[in-house]
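Shown next as structure tokens:
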């Protein structure tokens, strides 16, 4: 086969890039999954503001449900498309845990202030936590997709 | 493969798209690849056989806890190298 001309080469490149993008999309978590998990996790976090006897069981239930969804999604992806390992994204996640360290003192301050009984505080915490978790989940997916698309991963990430 | 990395074996439209789909993953399950490419199983098998014979693609049949075994398709290191070189050759043609 002879080398293709400029137009044919450009068309082949576009076809290859489109297929790669589709393959990457297939290996990512769907948007609805991140949304549901964020709402469940945000709810679990907000309910910890209530006395443990009131909100503890529901918060634990929401947390377990979110974890179950994560496991199901993880297994579904592993059964269809095994992702390229991405060790650097683990390092990037470390930044996320710094603000998380502030959550516990912030919760303690809220409890001490007596504001926690107010329904609007619970709702604000729920919405705020869900939005933060959702934003983080989507950002990590975009980061992963961008790097895979440009082939920006270490050779040992591909096993 | 010629000196510039252009590989006629990969350049066939379906094989190029199959390699592109495999390039971003460790492995793709056969049915998922079939779905991604929008082709029938016999067509995909035929094209993959060419890539397997060239040593570019590996097939691995794995038993499942439930259901029939699944076949996983992946680029071999040689295949990944050839695909990367082929894409670079296409880019150099465009200039």
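Residue numbers (the numbering used here), protein chains in the order written: chain F, 1 to 159; chain L, 1001 to 1095.
Cβ atoms here follow ideal geometry from the backbone N, Cα and C, with glycine treated the same way.
Quantities reported herein were computed from a predicted structural model and do not represent experimental measurements.
Asked: Please say whether residue 1020 (chain L) and residue 16 (chain F) have beta carbons closer to each other than 7 angstroms?; Found: yes
Asked: What are the start and end residues of each continuous alpha helix (DSSP H) run of 4 or more residues lying completely inside the segment 1008-1091 of chain L, in chain order?; Found: 1008-1011, 1013-1023, 1030-1037 and 1041-1053
Asked: Short of 8 angstroms in beta carbon distance, which residues of its chain neighbour residue 62 (chain F), apart from the five on each side in sequence? Order them along the chain.; Found: 40, 41, 43, 44 and 47
Asked: Taking C-beta pairs closer than 9 angstroms, name the residues in chain L that residue 4 (chain F) reaches, listed in chain order.; Found: 1006, 1011, 1090 and 1093
Asked: For residue 1023 (chain L), go through chain F and note every residue whose CB falls closer than 7 angstroms to its CB, in chain order.; Found: 20
Asked: What does DSSP give as the partner residues of residue 104 (chain F) in its beta bridges?; Found: Looking at the DSSP assignment, residue 104 (chain F) forms no beta bridge with any residue, so it has no partner.
Asked: Could you list the residues in the segment 1028-1044 of chain L with a C-beta less than 9 angstroms from some C-beta on chain F, going in chain order?; Found: 1028, 1029, 1031, 1032, 1033, 1035, 1036 and 1037
Asked: Measuring only the C-alpha atoms, how far is residue 141 (chain F) from residue 49 (chain F)?; Found: 30 angstroms
Asked: Any idea if residue 156 (chain F) is buried or exposed, counting beta-carbon neighbours within 10 angstroms, 16 or more meaning buried?; Found: Interpretation of residue 156 (chain F) is limited by its pLDDT of 49, a score under 50 that renders its predicted location unreliable; no figure is taken from the coordinates.
Asked: Tell me the DSSP bridge mates of residue 81 (chain F)?; Found: L:1028
Asked: Confirm, please, whether the CB-CB distance from residue 23 (chain F) to residue 1085 (chain L) is below 7 angstroms.; Found: no
Asked: Please state whether DSSP places residue 199 (chain F) in a helix, a strand or coil.; Found: Residue coverage of chain F in this structure runs from 1 to 159, which leaves residue 199 (chain F) outside it and unanswerable.
Asked: At 9 angstroms on the CB atoms, spell out the chain L contacts of residue 142 (chain F), in chain order.; Found: In chain order: nothing, as chain L lies at least about 15 angstroms away.
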